[in-house]
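Remarks on the structure that follows.
Protein chains: 2
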Amino acid sequence: MALDHIVALVGGVGGAKLALGLAKILPPQHLTIIVNTADDFWHYGLRISPDLDTVMYNLAGMIDPINGWGLAGDTTITLDALRQDYGEETWFRLGDRDMATHLLRTMWWHEGVSLTEIVRRLSSRLGIEHTILPMTDYPVETIVETVTGERLVFQKYFVWERWQPVVKTLHYKGIESATMSQAVKQAIETADAILIAPSNPFLSIAPILAVPGLRDAVIARDVPRVAISPIIGGKAVKGPAAKLMAELGYTPSASAVAEYYGIIVNGFVYDAQDADLTVNTPRATTFDTFMQSDADKVALAQNILNWITDWD
Amino acid sequence: MALDHIVALVGGVGGAKLALGLAKILPPQHLTIIVNTADDFWHYGLRISPDLDTVMYNLAGMIDPINGWGLAGDTTITLDALRQDYGEETWFRLGDRDMATHLLRTMWWHEGVSLTEIVRRLSSRLGIEHTILPMTDYPVETIVETVTGERLVFQKYFVWERWQPVVKTLHYKGIESATMSQAVKQAIETADAILIAPSNPFLSIAPILAVPGLRDAVIARDVPRVAISPIIGGKAVKGPAAKLMAELGYTPSASAVAEYYGIIVNGFVYDAQDADLTVNTPRATTFDTFMQSDADKVALAQNILNWITDWD
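Chains as they are written, first to last, in my numbering: chain A, 1 to 312; chain B, 313 to 624.
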């Protein structure tokens, strides 16, 4: 099977690792990365797109290798001034070099430029040749409703509360008015395979699939539609994926991830150490899915591409 | 004569020096500083108010003593990233610590907060107790029309072109729709003396006086209304004041400044080295007006206050 156009649905840190692996193998015109934007928010008047930036900075080779987000070696002089000079609570890290991205995005946003075009401008100026697309040009906002009835905007839950509150349900505010951009629609319609990165299924992938029409557009494609489990040995590599699964009624495991994606996927990749698990997806395979080095990312991407190339 | 409330009209660097001298002498409730905002502009989506910041940073003791504007010891990491990562032309210096001010101002501006209230918030958080007021809450934009017919927005003329083009005329765009805030109106109406700082008469003071009703409100007050000459020995201490006077048909001198202010003032202060000049103002005196150290600023402020206290 020719794989001339791979589409990957990705969130932040984990998804961006696979995106980087794919980008290091596939020529620019062979890969489209569709990124969650439901974590986007306004902060100090800046439009912040955490997942888009994580993907962009990964592909530009600028990512902070320690955190997995932000820019390597960045400082926080402005943030320190907000706290020390102006007494602000500075719970969300904004780097000084990173600030350039936020300024340009916010400036163009206020000028009425679409997020798709903003990402195109930013990534092309950073020398990125692969296509990165926001899941939608419309603002969508993940709201976390906790068991105590509190409703937290995503970054308050994720950064301020360090994802400690017990989640009852998630809302993607604004999603019903969001639409797929022409670019996203076309990418899915022309994909030779669709990969769902090992991102948080609820916080990163669910909002993408919730963009009206997107889930159906994916399912309608008779091509490999493969999710990669973010759960290894019952645990998330990073972040609240496992904790959240448990809170939402799933036993955290690769099997449960596969069950959650259901008919959206027809293939599933999970970690070799979970090989004894049963996965109810038409096709499934195991690889070493833990990505640390760039070589790990390339290896996993290559294994997945090789595997789906062999599908009849 | 009791001087319980001094109002100073000021621009940037030179005016801020006198404002600092006054603030070091007068208790907070005895001084109101009305600041030019016609240099304000949008830059990278940020609302920048150069003169307000210069006054604020002076009064907060944060000013860069070398440049006379910006923050002492500030860095430009964001600006460098705009240039190096994104290929932007970065002709207007934005410091990283300074950025905190621009972010807060811009955020509040977009929330619909008046500039008067923004300045109150910023300056009170910086520990400034004296009242700093923008000349108006409405956006006004100085447009510089050159002899070649070019029309430059102020910062392009001032920073980008380093005030080298020959000026034919100046426009204060938006001034006809601007109004005095209640705070500015009340300050002028209750002033026991009104000082016009040694700022650029055309670029800094003229826009303030051009706010509809403001010039008349000043003239209507039967109190000392004293301008301090920014021209010493035929030259500007800093910036284009002398060059601009010549281009606009005045011989650069303290006499010409006094002539320019005409009936707006009833008293005039100029430098001791210009003592041989004739000044056509009802009252006039000379002092050492060159301000370098804080002691210079306090001395000039004190000399002016002593002088007008002696008026009958």
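Glycine included, each C-beta is placed from N, C-alpha and C at the ideal position. Note that the coordinates shown come from a computational prediction; the quantities given were computed from them, not determined experimentally.
For this session: At 7 Å on the CB atoms, spell out the chain B contacts of A:HIS110, in chain order.
Result: The contacting residues are GLY357.
For this session: Could you tell me if A:PRO50 is buried or exposed, where buried requires 16 or more neighbouring beta carbons within 10 angstroms of its beta carbon?
Result: It is buried - the Cβ of A:PRO50 has at least 16 other Cβ atoms within 10 Å.
For this session: Look up B:GLU457 in the DSSP assignment and give the residues it is bridged to.
Result: DSSP output for B:GLU457 lists B:ARG463 and B:THR481 as bridge partner(s).
Exercise. For B:HIS342, which three-state DSSP category applies?
Worked result: If DSSP states are grouped into helix, strand and coil, B:HIS342 belongs with the helices.
Exercise. Under 8 Å Cβ-Cβ, which residues of chain B neighbour A:GLY87?
Worked result: At a C-beta separation below 8 Å, A:GLY87 has these neighbours in chain B: ARG437.
For this session: Give the range of the alpha helix (DSSP H) segment to which A:TRP42 is assigned.
Result: First-last for A:TRP42: 41 to 43, but that is the beta strand (DSSP E), not the alpha helix (DSSP H).
Exercise. What residues from chain E crowd round B:ALA412, counting only those whose CB sits closer than 7 Å?
Worked result: Protein chains in the displayed structure are A and B, and chain E is not among them.
Exercise. What does a CB cutoff of less than 7 Å around B:ALA495 pick up in its chain, not counting 5 residues either side in sequence?
Worked result: For B:ALA495, where only same-chain residues beyond five positions count, the Cβ hits under 7 Å are THR428 and LEU445.
For this session: Output yes if chain B places a C-beta closer than 8 Å to the C-beta of A:THR106; else output no.
Result: Yes, contact with chain B.
For this session: Anything in chain A within Cβ reach of B:LEU415, meaning under 8 Å, just list it in chain order.
Result: Around B:LEU415, the beta-carbon contacts reaching into chain A at under 8 Å are TYR44, GLY45, LEU46, THR78 and LEU82.
For this session: Could you confirm whether any beta carbon from chain B is found closer than 8 Å to the beta carbon of A:ARG120?
Result: No, A:ARG120 lies away from the interface with chain B (no Cβ there is under 8 Å from its Cβ).
Exercise. Closest to A:LEU122 by CA distance: which of A:ALA72, A:ARG105 and A:PHE268 is it?
Worked result: Cα-wise, what sits closest to A:LEU122 is A:ARG105.
Exercise. Using CA coordinates, which residue listed in A:GLY95, A:VAL35 and A:ASP137 is at the minimum distance from A:SER177?
Worked result: Checked all of A:GLY95, A:VAL35 and A:ASP137; the closest Cα to A:SER177 is A:ASP137.
Exercise. At what residues does the alpha helix (DSSP H) containing A:TYR261 begin and finish?
Worked result: Where A:TYR261 is concerned, the enclosing alpha helix (DSSP H) stretches over 254 to 261.
Problem set entry | Same chain, Cβ closer than 8 Å to B:ASN592, neighbours up to 5 away in sequence not counted | SER567, ALA570 and GLU571, listed in sequence order.
Exercise. With DSSP run on the structure shown, which of helix, strand or coil describes A:ALA236?
Worked result: It is a strand residue.
Problem set entry | Minimum Cβ-Cβ distance from B:THR349 to chain A less than 8 Å | Answer no: the Cβ-Cβ gap between B:THR349 and chain A never drops below 8 Å.
For this session: Determine, using beta carbons only, whether A:ASP96 comes closer than 8 Å to chain B.
Result: For A:ASP96, the answer is yes, since a Cβ of chain B falls inside 8 Å of its Cβ.
For this session: State yes or no: is the beta carbon of B:THR428 nearer than 8 Å to at least one beta carbon in chain A?
Result: Output row for B:THR428: interface = no.
Exercise. Which of the residues in the region 371 to 390 of chain B, read from start to end, lie with their CB under 7 Å from any CB of chain A?
Worked result: Residues passing the 7 Å Cβ filter: THR387, ILE389 and THR390.
Exercise. Leaving out five residues before and five after B:LEU406 in sequence, what residues of the same chain have Cβ atoms less than 6 Å from its Cβ?
Worked result: Cβ within range, chain order: LEU391.
For this session: Report, in whole angstroms, the separation of the C-beta atoms of A:ALA191 and A:HIS5, which I expect to be a contact under 8 Å.
Result: Contact holds; Cβ gap of about 5 Å.
For this session: Identify whether A:THR309 lies in helix, strand or coil by the three-state DSSP scheme.
Result: It is helical.
Problem set entry | Span separating the alpha-carbon of A:LEU82 from that of B:GLY327 | Between A:LEU82 and B:GLY327, the C-alpha separation is close to 27 Å.
For this session: Could you name the residues that DSSP lists as bridge partners for A:ALA284?
Result: Answer is A:PHE268.
Problem set entry | Own chain residues within Cβ distance below 7 Å of A:TRP314, not counting five before or after | Here chain A has residues from 1 to 312 only, and residue 314 of chain A is not among them.
Exercise. Considering only the beta carbon of each residue, do B:ALA505 and B:ILE620 sit closer than 8 Å?
Worked result: It is a contact, given that the beta carbons lie within the stated cut-off.
Problem set entry | Euclidean distance between Cα positions of B:GLN498 and B:ARG533 | Straight across, the Cα-Cα distance linking B:GLN498 with B:ARG533 is about 12 Å.
Problem set entry | A:ASN58 classed as buried or exposed, judged by whether at least 16 other C-beta atoms fall within 10 angstroms | Burial call: buried.
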